[in-house]
Each structure stands twice: as C-alpha cells, then as structure tokens.
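Residue numbers (this note's numbering), protein chains in the order written: chain X, 1 to 235; chain P, 236 to 745.
Note that CB positions come from ideal geometry on N, CA and C, so glycine has one too.
Written below as structure tokens is the structure these notes are about.
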C-alpha cells in the first residue's frame, strides 16, 4: 500500500511573483507617482492576509538602461513597506530579461536551501514603451529567459500602455492567449495604474488560492481599461 | 424600526427596500456582505445570546442590540428553504435550550430572510449578526481584520513579527480549548435530540474565528450556506486546503465534512502548522501525519484515544463513521484536564461543556480513565501501539524542541542607494541576528550599511526576547534566547574592551 508521510512542520509550496516595472523616462510624472501610491495596496492585500501571504513570494524589479531588484523576493507579511521607484533612463527589455533570469535562478537556489518548494514563478511585466535596444538583443535575452530547457523559466503576464507595442508584449508573453494585455494610448494613468495594480492583486490572491488546491494556476487579472491582445494564427 | 413583511413564528422575512444598507464589508463566491445601518424589528428573533445582546433563541424582543450585516446572495434562493435555516435556533431551543445558546452564541446564524416584494418566493439575501469585536485582531499597521484560524496555524513567532499578533505557543491549553468550543458548536448542530442535523460545509480558516479574551471562544461565519437534513442537497463552494477530500470542492458537504474539518483543525491549531494534507490523501492510499508537539507534552500520559479520534476524523475510507462531535467534546475536556487547565473547559463556555450534553455519548476509548490523575510515564515518542484505527490515516505524535525561528522583517532599499546597482538586491534586516551572508545583504554593501543592519538586528533580537518573556507560555523560549543574547553581548563587550585597551594602552604607557 502506498503511504505518504506528512510532517506537520511541512509547508505548502510557494508561488513566486516577480513584478517587473518599466521606469524609463516616459514613466515620468503621473504614471510613476501612481505606481508609488498604488504599490502599498499589494502589501495590504497580500501581506496582511495570512492565508495569502503564506504561499506567495513577491519581488519588485525595475528596468530602464539597467535592471535591478528594489524588493528582493520576500514573504510580504514580513515586508515593512514597499519600495519607491524612480524614473531613470531608456527602455532596455534585454537588461530586464537578463536580470530576471539571474535573479530567479539565485532565488530558487536560496529558497531550496531554506527548505522551500516552488511552483513555477510568474513574471508580471509592465511597460509603457517599446524596447530601445535592438530587436536581436532583446529577443535573445527573452529566449534565454523563456528557454524551455531552463527548468525555472517563468510564466509571463505582460501589460502595456502608452507607447508599448502590442505585438512585442504578445511575444514577451509567449504568444499565449490571455497572457498579454494592452490599454488604449489615451487611457489616463490616474485610472489605468490603480486598475492594473488592483487586477494584479486579484490575480495574485486567486492564484494563491489555487496553490492550496494542489493544482496551482496563474489566474489572469481583470483590468477594465486593458484588453487582451489577440493571439495570431500562424500561417 | 422597520416593518417586517411577513413575520412567521419561525422565520422573519424583511423587505430589501427597507434596509439601510451601508458599506461593503466583504465579497465571496456566494455573495457580498454589507453593513446595515438600522435593524428591522423582526430580525431580532434569534438574537445572539450573551452579555449585551438579545436573549437566547426564541426570545425575540423586537429590538436588536447586536450590529447586523446584510448578505446579498449572488443567486436567489427559495424563501422556504432559507426560512428553515433561519428557524434552526428556535427548533434547537424547543429541543434543548443549551444547544440553541451554543448556536447563537458561537455563530453568525442568519436572523431573517430578505426579499424584494412581499409575495416573493425567492430570497435575495439574509440578515445576520456581525462578528463581535472580540473576534477581530489589530495588525501592527493598525488594520483590523477578522481573527481567522490562519493566525493559529502558523509559527507564533512569525505571526508576532509579521502582524504584531500574539498567539499561544503550539500545544498550549488555550489552543485545545478553542477546538473544544468548536466541538461544542458542532455537537449542537449534529446531535441535538429531536432535531435534524445541520452541516456548515466550509469550516475553513476564514470561516472559523477565534478569541481568547476574556475566555476561549470561536465564532463561525458564513452559515447561510449550511445544509439541513431533509432538504434537497445543494452544492456549496468550499475553501481549498480545508475541504473534505471525500467530497471534494463545490460538493454537497454534509455533517461528515464538518467532522473531517474538526479533526483537521485540531491537528493544525494545536500543532500550529498549516501542513498540506488533502492532495496527499487524494493521491495516496494512505497518509501518515507526524504531529510535532512541544516537549512539555512529555509529561502527559499517552492518549491513544485522542490520536484515534484524529485518524477516524480524517479517514476517507471510513468517512461514514467519522467520530461524532460529542466524542471530541469529551476527549478535549479530558485533554484540558491533563494539560493542567481544567478551568478552560467551562470558562466562558455556553451550556454544559465539562462533558458531552448528549445522553449516552460514549467515553473515548483509550482516554485517561480518571481525568486529572497523575501522569503515567508511558508516552511514546515514535509510534503508538500497533493496530490502526482506520486503514488510510495514521497520526503519530512526536515531541521535539522547535528550532529557533529565523523570521526577519524586511525594509526595501532606498532608491538613491541602489541607483545603477545592476542587479544587487538591497535589504535592511530588522530581525534576529544572523550572519549577513545568510540575510542576503548585498555584496559590496558599505561598512555603514553593514553596521546599520547589524545594529538593527541586535536591537530587534532584544525586542523579540522582551516580547517572548512577557508572553505566558513562551517564557522558556524567551529565556533560552536571552541566554544566547547574553553570551553574544558579553563576547562583544570583551572584544570591544580588548580593542579599546589595545588602542589606549600605548597612550598611557602600558
């Protein structure tokens, strides 16, 4: 008879979320202010709910000319405050993808060393512009990040507004249905960013509930101002 | 006072238009919950028992002293079906007033059915009592939340650090008393003679609230989805991680599912651990649960009957023969006795609780014959007497020292400090002292950042010890940590004195 041993000290596998924010110059003004005022909502909704926080790990990465981690992957219950992000330079998707591959790999090994089990990480990629590095460069970096041979490759949800290119975002999200979303160019940041953050929170909370079921799913968010980018049919 | 559309002796019906509906409080799969500014007179029929509230079931006075909430149903339900739900406390009161008191005192049992028009056969919502303020916890950020069981199914040190909420140590008598109160409520719902059984169906961490002040108490919410024996079965959404794997999610959950939840809640709450179980049960033919308990339990006599209760409760193969709540009531009362806290059996408990109120309720096989008798040194650390109660579940109590917690608070990096960092993570740690490398302090951190983190860690460790020493049940842990800190502090002081001496001695000619 097959028996499973359950240690009462055993914990659920965790669901890592990486929020990758574009902080290029085009985000200056209201967009970046809205991001800074709305990010604490993630902390309130996820970190202050014990049942959600237990299975969610959250990190904030920003990118412009370079990319960096402004909130290392953490249990949000133990995070005192969210970081403030600031506008920097251009929009290097390649820097973001290369950084994310390094960080996810390092976080995974750190988590394993601490006894954590991981579900496949989710990347929440938010950009308001087109990549400023060459197509070849960012596509190579994206290929390294989404390489199926790399066991830790993340599932990607991509969100675009402003000058973001829907086709590029769809490619970032692997051309999968309901994984890339884009807002109208004239959608105001004052309503768009709060809706986006609220949608991300709802996505994280719903995904965390599925993690308890043993059949985790990355639940796409509902963002009223954003429409899913249709997936092309291949010729 | 608002008029009642169609008051019956058993179930008040209230018109929606005449409710003063306030702000949205919560939203779930089956509906939305709103504040109600003023309660209609007819809704007082089942007024919750207890100080400052209306009397027990059936003692409607026409006034409501407890705040109410309105639950708007996503899908309309039959008025007669919901009226039967609302009328439960009256039926319990007719059979056994104590059981009615348990229901209205420990649950947000619906008080009235809400309809749009007088003649409606479909209900759009329900009026229910709001959870009393004692079932709230205040987080360190000042936010107020319902005290779900998640706080108890986690490491107490993490809960204290993350939320600023103090909870009893694993294995504490207060935790056992909370499960005892839940067993009392389920006994009322399932075993009141002369009434049909009631099943809540989703006794999850978010639906079972707890309080220890002034006495251990639980408060079950989301009761409008309860199933009544004799009515057509209706599916209800269940909470992942707390559902009965024998029925699955969104299934009709009967009393058997509540009995599963009771066993699971005992293990998770007393063990302070939210361990995964249901997916294992679905995947494997049998599971072995290693329940880790504090070493203070080594003084207790062996209680095979208690572990058998757990096994029978969690069994899928034996789902039809899961133990009745009255068996848990007896077993937990006796456990509280041997834990040296017999006063918690009756402290604040509604009705007779020292033992089951159900006539003929069996004693628990294997339970100590004489409650409070001297401990028998027969505790088994690994394994229990041979012979399984059920073929698919085995519960093994293990005693051990919990490893010291390594939880730490994290503050985000200051943006200006990390500009152009190219990927180095920046974390300021305000927790227990651990070597910087273990914290993930950024490579290349400046000496000032390192000193700031080290000092913050040192100070947080002392604050944590102070908090532990002030908390009953955690003092031994605090004392051990204090001893460690004294060694660290003395060592640091010696190093500093040595360095100062080395620097000063040439100046004074030594």
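Quick one: using the 10 Å Cβ neighbour count with 16 as the cut-off for buried, is residue i buried or exposed?
i	result
residue 733(P)	exposed
residue 383(P)	buried
residue 6(X)	buried
residue 223(X)	buried
residue 151(X)	exposed
residue 569(P)	buried
residue 729(P)	exposed
residue 510(P)	buried
residue 186(X)	exposed
residue 552(P)	exposed
residue 701(P)	exposed
residue 14(X)	buried
residue 312(P)	buried
residue 726(P)	exposed
residue 477(P)	buried
For a contact meaning CB atoms closer than 9 Å, what does residue i contact in chain P?
i	result
residue 12(X)	476, 509, 510 and 511
residue 78(X)	393, 396, 397, 642, 643, 644, 645 and 666
residue 209(X)	474, 475 and 476
Just the Cα atoms here: how many angstroms apart are residue i and residue j?
i	j	result
residue 12(X)	residue 315(P)	42 Å
residue 109(X)	residue 145(X)	17 Å
residue 583(P)	residue 401(P)	21 Å
residue 388(P)	residue 91(X)	44 Å
residue 349(P)	residue 481(P)	34 Å
residue 176(X)	residue 134(X)	23 Å
residue 345(P)	residue 717(P)	50 Å
residue 225(X)	residue 165(X)	16 Å
residue 405(P)	residue 368(P)	25 Å
residue 24(X)	residue 64(X)	5 Å
residue 537(P)	residue 42(X)	47 Å
residue 78(X)	residue 503(P)	22 Å
residue 204(X)	residue 76(X)	12 Å
residue 262(P)	residue 697(P)	41 Å
residue 526(P)	residue 554(P)	21 Å
residue 340(P)	residue 95(X)	59 Å
residue 89(X)	residue 194(X)	24 Å
residue 19(X)	residue 571(P)	48 Å
By the criterion of Cβ-Cβ separation under 8 Å, what are the contact partners of residue i in chain P?
i	result
residue 54(X)	385, 389 and 509
residue 6(X)	510, 511, 512, 515, 522, 523, 524 and 525
Output needed for residue i: all residues of its chain with C-beta closer than 6 Å, excluding positions within five of it in sequence on either side, in chain order.
i	result
residue 71(X)	59, 60 and 83
residue 140(X)	none
residue 356(P)	314
residue 457(P)	442
residue 180(X)	158, 169, 170, 173 and 229
residue 183(X)	161, 192, 225 and 226
residue 435(P)	461 and 493
If residue i sits next to residue j, beta carbons under 8 Å apart, how far is it from one beta carbon to the other, in whole angstroms?
i	j	result
residue 81(X)	residue 646(P)	6 Å
residue 521(P)	residue 628(P)	7 Å
residue 39(X)	residue 197(X)	7 Å
residue 308(P)	residue 359(P)	6 Å
residue 213(X)	residue 55(X)	No, residue 213(X) and residue 55(X) are not in contact; Cβ-Cβ is about 11 Å, not under 8 Å.
residue 28(X)	residue 87(X)	5 Å
residue 219(X)	residue 46(X)	Rounded, the Cβ-Cβ distance is 14 Å, inconsistent with contact.
residue 199(X)	residue 221(X)	3 Å
residue 557(P)	residue 495(P)	6 Å
Leaving out five residues on either side along the sequence, give the residues of the same chain with a beta carbon under 7 Å from the beta carbon of residue i.
i	result
residue 327(P)	292, 334, 335, 338, 423, 427 and 430
residue 421(P)	493, 497 and 560
residue 450(P)	582 and 583
residue 380(P)	371, 372 and 374
residue 319(P)	463 and 466
Using the beta-carbon of each residue, which ones in chain X are nearer than 8 Å to residue i?
i	result
residue 378(P)	44 and 48
residue 578(P)	Those within 8 Å of residue 578(P) in chain X number zero; the least Cβ separation is about 28 Å.
Under 9 Å between beta-carbons, which chain X residues line up against residue i? List them in chain order, please.
i	result
residue 440(P)	50 and 51
residue 712(P)	By Cβ distance, chain X contributes nothing, its closest Cβ being about 16 Å from residue 712(P), past 9 Å.
Residues in the same chain with beta-carbon distance under 8 Å from residue i, minus the five sequence neighbours each way, listed in chain order, please.
i	result
residue 256(P)	269, 270, 271, 272 and 305
residue 258(X)	With chain X covering only 1 through 235, there is no way to say anything about residue 258(X).
residue 303(P)	271, 274, 278, 346, 362, 363, 364 and 365
residue 1(X)	Annotation note: pLDDT 47 at residue 1(X) (below 50); position unreliable, coordinate value reported separately. Contacts found: none.
residue 532(P)	406, 614, 632 and 634
What does residue i touch in chain X if you count any residue whose Cβ is under 7 Å from its own?
i	result
residue 374(P)	48
Please list, in chain order, the chain P residues whose beta carbon lies closer than 7 Å to that of residue i.
i	result
residue 213(X)	475
residue 206(X)	Those within 7 Å of residue 206(X) in chain P number zero; the least Cβ separation is about 11 Å.
residue 74(X)	645
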